[in-house]
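S.K.:
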DNA sequence: ATTATATACCTAATCGTATTAGGTAACATA
DNA sequence: TATGTTACCTAATACGATTAGGTATATAAT
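Chains as they are written, first to last, in this note's numbering: chain A, 1 to 111; chain B, 112 to 222.
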């Protein structure tokens, strides 16, 4: 749907932004992002899980297994303080880039 | 300055956008993009040249050597028709992504 | 009862690309 | 003459997205 580079640049900020409103598990993130993007972003699990593992390895998110009543298990991710500042940094970069493209392409300003 | 992923997603659209207004040589592109971004994007030559070669290999741009009066040579790049449609596609992707982030982050709409 | 679909997690191998770290050469300026 | 700027280039590395798998349980359909 979107080109690969744009996927790469948007995945982490999107994950961190969704986690800002509370803990989520991987599969849920895929559904939420699909919904938020009006179906334009359809992440595969094989794309998402390695990203989540990397974010956890780098300390931006924490994980916690939840045992459901029906016996199934889910791994819930939540944002760390480091993750919050990472999001702030990426958001700031994105906004600057959006302003640049808005000017170049004569769009209405992004902020 | 910007994070790596955002650099990756923006480099090609920026090059193609600058070439839309006429032919440019590599070194010149670096200067123009630095100026357009108010110094926030400082591309290295080692980053740019491989990208230009890839864009040419893929038919998005064409190159032509110019011999200057002082003996120096420059390689000028110009946009092909394929490059124009590639830019249109990437621009469309970018605008959709900008709209998504504008909503998520409660910014003014990007377009 | 069995099959299909959805949920929910995971890894290994491949491939593409940004970055690092170089190199060449001519011109301009101090 | 030495430094900085212009102007091009490649090879090696490192990182991450994608492809192509895999495991297991719950639910819905036939």
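Every residue, glycine too, gets a C-beta built ideally from N, C-alpha and C.
Check whether the Cβ of residue 47 of chain A lies closer than 7 Å to any Cβ atom in chain B.
M.R.: Taking Cβ atoms only, chain B never reaches closer than 7 Å to residue 47 of chain A, which makes this a no.
S.K.: Can you confirm whether the segment 144–152 of chain B touches the segment 166–178 of chain B when touching is taken to mean that 3 or more C-beta pairs between the two stretches lie within less than 8 Å?
M.R.: Touching, no, given that fewer than three Cβ pairs across the two stretches are closer than 8 Å.
S.K.: Should residue 188 of chain B go down as buried or exposed, given a rule of 16 or more other Cβ atoms within 10 Å for buried?
M.R.: Looking at its Cβ environment, which holds 16 or more other Cβ atoms inside 10 Å, residue 188 of chain B is buried.
S.K.: Tell me which same chain residues have a C-beta within less than 7 Å of the C-beta of residue 75 of chain A, skipping the five on either side of it?
M.R.: Hits under 7 Å: 25, 26, 63, 65.
S.K.: Output the boundary residues of the alpha helix (DSSP H) element that contains residue 168 of chain B.
M.R.: 156–168 is the extent of the alpha helix (DSSP H) around residue 168 of chain B.
S.K.: What span of residues does the beta strand (DSSP E) with residue 185 of chain B cover, start to end?
M.R.: From DSSP, the beta strand (DSSP E) with residue 185 of chain B extends over 184–190.
S.K.: Quick one: list the residues of chain B neighbouring residue 10 of chain A, beta-carbon separation under 7 Å, in chain order.
M.R.: Near residue 10 of chain A (Cβ distances below 7 Å), the residues of chain B are 208.
S.K.: Could you please give me the residues that DSSP links to residue 24 of chain A through a beta bridge?
M.R.: Partner(s): A:77.
S.K.: How is residue 205 of chain B classed by DSSP in three states: helix, strand or coil?
M.R.: Three-state result, residue 205 of chain B: helix.
S.K.: Output, in chain order, the set of chain B residues within a Cβ distance shorter than 8 Å of residue 104 of chain A.
M.R.: In chain order: 125, 128, 147.
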